[in-house]
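Read top to bottom, the protein sequences are chains Y and H.
Per the working numbering, the first sequence starts with residue 1, numbered consecutively.
Per the working numbering, the second sequence starts with residue 1, numbered consecutively.
All C-beta atoms, glycine included, are put in the ideal place defined by N, C-alpha and C.
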Amino acid sequence: MAQRVGMEVSVAIGEMVRMADADVIAAYPITPQTHIVEHLAELVADGELDAEYIPVESEHSAMSACLGAAAAGARTFTATAGQGLELMHEVLYVASSMRLPVVMTVANRALSAPLSVWSDHSDAMACRDTGWIQIFTENGQEVVDNVLCAFRIAEDAEVLLPVMVHLDGFHLSHVIEPILLPEQGEVSAFLPPNKYPLPLNPEKPVAMGDFGPPFIYTEAKWAQEVNLKKSKETILNVWRQFGDSFRRHYQPVEHYRSDDAKVLLLTMGSFSETAMTAIDSMRSDGKDVGLIRLRLWRPFPFEELRQAVKNAEVLIVLDRALSFGGPAGPVASEIKAALYNQQTRPKIVSFVGGLGGRDITAKGFTEIVNRGIEVAQKGSKDEFEIFGVRE
Amino acid sequence: MAKRENELTWRELEIGVIATEPGNASQYRTGDWRSQKPVYLFERCIKCGMCQLFCPEGCVQQNAEGYFEADLYYCKGCGICARECPTMVITMEEEKE
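Below is the structure:
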């Protein structure tokens, strides 16, 4: 039986990677991801995890080493945050384009300048189009569960894509939570050995990441797009099987008191739990509001989102990142695009808030919802509003 | 040999466009890049092979009469052979197309 233990979420991630029996970990420490890789380095040094730990000189090298390891058929893990994710940027595309099943946790951190180690989603949004499967989580249990699921999804013969598991820096990475850590036997039963179909092998040579002239590039990119979209079937299937085995269930779009709600709030990441408290209090005041949380960011869950908002009149989207000079927060832009051609759709109101570790309290979420309803009724000349800025 | 790479559909690509057949770079028609082609005056040729030695593409071979000649499927028209030929056999001519 799984034990419920009080554990720092970063340490729990390391424990899950140990039970997943990762073969190679290449990582560069960066706040607030540091405790994840520190714990893994300890596990390897203490002989509790039989893996190659590569202490690289930068995140660019970390991801490059991960590519080589995954290409050789190793179960590969890394973690980063903020500027580190940015330094990896070009190699992220190579991992997905070469179909290498690397698993990475990102302890989401705001981007400089001014220098901020605190959490928001600007790092995640900057790598939106890198072709990785991307999952957002809202508490420690979800992170640990989805790290296990991520290995299974990434390495599935139908998928073979890298997976990012996003967790808010500090809000999740550094908190001690009661976490149900499964037994080794349960993990081993759920996660079959990694069998990369065409690994680097001197006996049977292959060439990876070759030159792609104009006559092949379009075909290569379309194959990649079709593959990422199709991966949703496997993701749903893995989450379903995870639910059967561990009794915790995950959906691309999660619902909270949203079924009959005329007003919906949409959040991602750890803010969702505070938002739930706000929804509860508004419900007890007789307000017709609910919450939906976007868990699967890539591939984007079009059908599930459309289904989730079909009865709503107002949809208020909170982004934790700016798209400078753009039409809305990056998440709100995508939600608008996903709903624009629908026969009926809610009015969409876009807010940006919670930047660089700025908290939004339950009271703050209530203010956002009330203001969102007002904007939906009266209209606004602005594409979006920023929440909590001092005038 | 299966289909040439420029005939493959997206469904037929190997995962991640991994190349599983060795030597498939030989299918790549680098001759497409050429704007000038080498033209030979073989009566001056002493068959020294300097052009073959200097060709960066490695596409110069001896023909049946023993003269050295570039394979235009690969020749990029760089003109190095014309420059190095000690007896000035080779001149570079503009491609017409």
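Between residue 278/Y and residue 381/Y, is the Cβ-Cβ spacing less than 9 Å?
Taking the first sequence and counting its residues from 1, one reaches residue 278/Y at position 278. Taking the first sequence and counting its residues from 1, one reaches residue 381/Y at position 381. Cβ distance not < 9 Å, so residue 278/Y and residue 381/Y don't count as in contact.
Measure the C-alpha to C-alpha separation of residue 87/H and residue 45/H and round it to an integer number of angstroms.
On the second sequence, residue 87/H is found 87 positions in, with the first residue counted as 1. On the second sequence, residue 45/H is found 45 positions in, with the first residue counted as 1. Spanning the two alpha carbons is a distance of roughly 7 Å.
Going along the chain, which residues of the segment 99-121 of chain Y sit with their C-beta nearer than 8 Å to a C-beta in chain H?
Taking 8 Å as the Cβ-Cβ cut-off, the segment 99-121 of chain Y approaches chain H at 99 and 100, given in chain order.
Extent of the continuous beta strand (DSSP E) run through residue 179/Y:
The residue given as residue 179/Y occupies position 179 in the first sequence. Per DSSP, residue 179/Y belongs to the beta strand (DSSP E) from 176-181.
On the CB-based measure, 16 or more other CB atoms within 10 Å of its CB, does residue 25/H come out buried or exposed?
For the purposes of this step, residue 25/H is taken as residue 25 along the second sequence, with counting starting at 1. Exposed, by the Cβ-count rule.
Comparing the C-beta of residue 400/Y with each C-beta of chain H, is any distance below 9 Å?
Residue numbering for chain Y in the displayed model covers 1 to 391; residue 400/Y lies beyond these limits and cannot be assessed.
Using three-state DSSP, classify residue 232/Y as helix, strand or coil.
For the purposes of this step, residue 232/Y is taken as residue 232 along the first sequence, with counting starting at 1. Residue 232/Y: helix per DSSP, three-state reduction.
Under 9 Å between C-beta atoms of residue 67/Y and residue 44/Y
The sequence position of residue 67/Y within the first sequence is 67, counting from 1. The sequence position of residue 44/Y within the first sequence is 44, counting from 1. Not in contact: residue 67/Y and residue 44/Y (Cβ atoms no closer than 9 Å).
Could you say if the segment 60-74 of chain Y and the segment 167-177 of chain Y meet the contact criterion of at least three C-beta pairs nearer than 8 Å?
Contact fails: fewer than three Cβ-Cβ distances are below 8 Å.
In chain H, what lies closer than 9 Å to residue 73/Y by C-beta?
If you number the first sequence from 1, residue 73/Y lands on position 73. Residues of chain H passing the Cβ test: none, with the nearest at roughly 13 Å.
Proximity of residue 128/Y and residue 295/Y at Cβ, strictly below 9 Å:
For the purposes of this step, residue 128/Y is taken as residue 128 along the first sequence, with counting starting at 1. For the purposes of this step, residue 295/Y is taken as residue 295 along the first sequence, with counting starting at 1. In this structure, residue 128/Y lies away from residue 295/Y, with their beta-carbon atoms at least 9 Å apart.
Beta-carbon proximity list for residue 18/Y, same chain, < 7 Å, skipping 5 on both sides:
Position 18 of the first sequence, counting from 1, holds the residue named residue 18/Y. Excluding sequence neighbours, residue 18/Y sits near 43, 48 and 49.
Is it the case that the Cβ atoms of residue 101/Y and residue 155/Y are separated by a distance below 9 Å?
Within the first sequence, numbered from 1, the residue matching residue 101/Y stands at position 101. Within the first sequence, numbered from 1, the residue matching residue 155/Y stands at position 155. Taking 9 Å as the Cβ cut-off, residue 101/Y and residue 155/Y qualify as a contacting pair.
Determine, using beta carbons only, whether residue 1/H comes closer than 9 Å to chain Y.
Here residue 1/H corresponds to residue number 1 of the second sequence, with the count starting at 1. Caution applies to residue 1/H, whose pLDDT of 43 falls short of 50 and renders its modelled position unreliable; the model cannot decide the point.
Alpha-carbon spacing of residue 76/Y relative to residue 57/Y, whole angstroms
Reading the first sequence from its first residue, position 76 is the one you call residue 76/Y. Reading the first sequence from its first residue, position 57 is the one you call residue 57/Y. When rounded, the distance between both Cα atoms is 18 Å.
Given this structure, state the Cα-to-Cα distance separating residue 34/H from residue 221/Y, to the nearest angstrom.
Here residue 34/H is taken as the residue at index 34 of the second sequence, counted from 1. Here residue 221/Y is taken as the residue at index 221 of the first sequence, counted from 1. Roughly 28 Å separates the two Cα atoms.
For a cutoff of 9 Å on Cβ pairs, would you count residue 226/Y as touching chain H?
On the first sequence, position 226 is the one that residue 226/Y refers to. Cβ-Cβ to chain H under 9 Å: yes for residue 226/Y.
Buried/exposed call for residue 377/Y, threshold 16 Cβ in 10 Å:
Working through the first sequence from its first residue, we reach residue 377/Y at position 377. Within 10 angstroms of the beta-carbon of residue 377/Y lie fewer than 16 other beta-carbons, which makes it exposed.
Whose Cβ in chain H lies nearer than 7 Å to the Cβ of residue 97/Y?
As a working mapping, residue 97/Y is identified with position 97 in the first sequence. Chain H residues near residue 97/Y: 16.
Within 10 angstroms of its Cβ, does residue 32/Y collect 16 or more other Cβ (buried), or is it exposed?
The residue labelled residue 32/Y in the question sits at position 32 within the first sequence. Buried, because 16 or more other Cβ atoms sit within 10 Å of the Cβ of residue 32/Y.
Starting from residue 95/Y, follow the beta strand (DSSP E) in both directions and report where the run begins and ends.
Stepping through the first sequence from its first residue, residue 95/Y is reached at position 95. Taken as a continuous stretch (DSSP letters only), residue 95/Y belongs to no beta strand (DSSP E), being part of the alpha helix (DSSP H) at 89-97.
Terminal residues of the continuous beta strand (DSSP E) containing residue 55/Y?
The count along the first sequence starts at 1 and reaches residue 55/Y at position 55. Segment 52-55, the beta strand (DSSP E) holding residue 55/Y.
Figure out for me which residue from 180/Y, 275/Y and 282/Y has the closest Cα to the Cα of residue 360/Y.
Here residue 360/Y refers to the residue found at position 360 when the first sequence is read from its first residue. For the set 180/Y, 275/Y and 282/Y, the Cα lying nearest the Cα of residue 360/Y is the one of 275/Y.
Same chain only: Cβ atoms within 6 Å of residue 149/Y, ignoring 5 sequence neighbours per side:
Reading the first sequence from its first residue, position 149 is the one you call residue 149/Y. Within the same chain, 238 and 242 come within 6 Å of residue 149/Y by CB-CB distance, once the 5 residues on both sides are set aside.
Cβ atoms of residue 357/Y and residue 387/Y: under 9 Å apart, would you say?
Translated into the one-based positions of the first sequence, residue 387/Y becomes position 387. Translated into the one-based positions of the first sequence, residue 357/Y becomes position 357. Cβ atoms of residue 387/Y and residue 357/Y: not closer than 9 Å.
So residue 222/Y contacts chain B; which residues on that side make the cut at Cβ distance below 8 Å?
Absence of chain B from the displayed structure is noted, the protein chains being Y and H.
Buried versus exposed call for residue 366/Y [16 or more other C-beta atoms within 10 Å across all chains shown]
Along the first sequence, one-based indexing puts residue 366/Y at 366. Taking all protein chains shown into account, residue 366/Y has 16 or more neighbouring C-beta atoms within 10 Å of its C-beta and is therefore buried.
Give a yes or no on whether 9 Å exceeds the smallest Cβ distance from residue 68/Y to chain H.
In the first sequence, counting from the first residue as 1, residue 68/Y sits at position 68. No, its Cβ sits nowhere closer than 9 Å to a Cβ of chain H.
Does any CB atom of chain Y fall closer than 9 Å to the CB of residue 5/H?
Reading the second sequence from its first residue, position 5 is the one you call residue 5/H. The beta-carbon of residue 5/H is placed less than 9 Å from the nearest beta-carbon of chain Y.
Contact set for residue 373/Y: own chain, Cβ-Cβ below 7 Å, skip 5 residues either direction
As a position in the first sequence, residue 373/Y is number 373, starting the count at 1. Excluding sequence neighbours, residue 373/Y sits near 263 and 314.
With DSSP run on the structure shown, which of helix, strand or coil describes residue 337/Y?
Residue mapping note: residue 337/Y aligns to position 337 of the first sequence, counting from 1. In the structure shown, the three-state DSSP call for residue 337/Y is helix.
For residue 77/H and residue 27/H, which I take to be in contact (beta-carbon distance under 8 Å), what is that distance rounded to the nearest angstrom?
Against the second sequence, residue 77/H aligns to sequence position 77. Against the second sequence, residue 27/H aligns to sequence position 27. Actually they are not in contact, since the Cβ atoms of residue 77/H and residue 27/H sit about 19 Å apart, beyond 8 Å.
Residues of the segment 151-170 of chain Y whose Cβ lies closer than 7 Å to any Cβ of chain H, in chain order
For the segment 151-170 of chain Y, the set of positions with a beta-carbon nearer than 7 Å to some beta-carbon of chain H reads 160 in chain order.
Burial state of residue 121/Y (16 or more Cβ within 10 Å)
Your numbering for residue 121/Y matches position 121 in the first sequence. The residue is buried, with at least 16 neighbouring Cβ atoms inside 10 Å.
Where does residue 17/H fall in DSSP's three states?
As a first step, residue 17/H is located in the second sequence; it is residue number 17 there, counting from the start. Residue state, collapsed to three classes: helix.
Between the segment 71-89 of chain Y and the segment 197-216 of chain Y, do at least 3 Cβ pairs fall closer than 8 Å?
Yes, the segment 71-89 of chain Y touches the segment 197-216 of chain Y.
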